[in-house]
Amino acid sequence: MSVEFPQVCLVGKSRSYELSDEAEYEQQRVCYIQSRQTSPIASVQRSEVQPIESTSASAWGAGFQPRDRVETVRNCAALPRDFVDRVVLQVADVLLGMSDGVSCSDWNKGGSLSVREVAGLLEQETLQLLKKECGGLQTLLKNNHQVFRVEGGRVYIRDWRDRKSTRTQSQRTAFAPGALKTRLCWFYSHHPQGCPLLDQNCAFAHGPDDLRPSTRPLKKTKNFVF
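With the first letter of the sequence shown counted as 1, position 63 gets the number 63 in this note's numbering; the numbers rise by one all the way through.
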């Protein structure tokens, strides 16, 4: 007499037989599964069936690692600010130094490098640290969109006067006159010719007097030893 089992999993329901009968019922389940299979390759031999009591409780979960309570942020946003600033300044200085033949009256937009060429400028320790982040160096450059424009795998100095250069950013947030400026303008502080925009037209603060405190909560930064 064959035993039929309903194809419904009743989660949370207690078994209808004693725990000591588990081996017998497990054998019946295996026989039922074998009778429903069409491929002989996938069949399970009776000799391979072991009672649950004799099976190690941890065998099925060997190597399982539960997810951390707090997931680690790996998009370069938690990197130390001084580390990020150092990489940004190093890359920007090289790009600005590639502009041959620019007159004193023209604002220096610099040249361009591929992301791979930019990686060649950095120390091995810096690259190893960035490899632990999702997207690595390219993510760091894109995060610093105030300074860089990354298109087609190449890195450029962003010119905020150029509508094409600022189109992606303007779609996110349109700068309104009188808006609070919570970050310093990188070009005002570091570019040899300063920022190409007037302070009232720039979304970033031209000096400490133009800066306002941010209302966003502080990000937790990772601790690294350099």
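Cβ coordinates follow ideal geometry from the N, Cα and C atoms, glycine included.
Out of A119, M98, E117, state which residue places its alpha-carbon closest to the alpha-carbon of K109.
Considering only alpha carbons, the answer is M98.
Using CA coordinates, which residue listed in F83, D93, Q28 is at the minimum distance from H191?
Among F83, D93, Q28, the Cα nearest to that of H191 is on D93.
Ordered along the chain, which non-local residues of its own chain (more than five positions away) have a Cβ less than 6 Å from that of N143?
Excluding positions up to five away in sequence, the list reads C76.
For R29, which three-state DSSP category applies?
helix
Which value, in whole angstroms, describes the spacing of the CA atoms of L95 and L140?
In a straight line, the C-alpha of L95 is about 16 Å away from that of L140.
Do V147 and R163 count as a contact pair if the criterion is CB distance below 8 Å?
no
Rounded to a whole number of angstroms, what is the C-alpha to C-alpha distance between K262 and Q65?
There is simply no residue 262 to check, as the chain begins at 1 and stops at 226 in what is shown.
Report the residue ranges of all beta strand (DSSP E) runs contained in full by the region 178-206; include only those spanning at least 3 residues, in chain order.
none
Along the chain, where does the alpha helix (DSSP H) containing F83 start, and where does it finish?
Residues 81-96.
So the candidates are T182, R149, W160; which of them puts its Cα closest to the Cα of L197?
W160
Straight-line CA distance for S20 to R29?
16 Å
Kindly indicate the opening and closing residues of the beta strand (DSSP E) around V150.
Counting along the chain, the beta strand (DSSP E) containing V150 begins and ends at 148-151.
Are the CB atoms of V88 and T126 within a distance shorter than 8 Å?
no
With DSSP as the reference, please indicate the residues paired to Y156 in a beta bridge.
Its beta-bridge partners are S112, R149.
Exposed or buried, L180, counting other C-beta atoms within 10 Å across all chains shown (16 or more means buried)?
exposed
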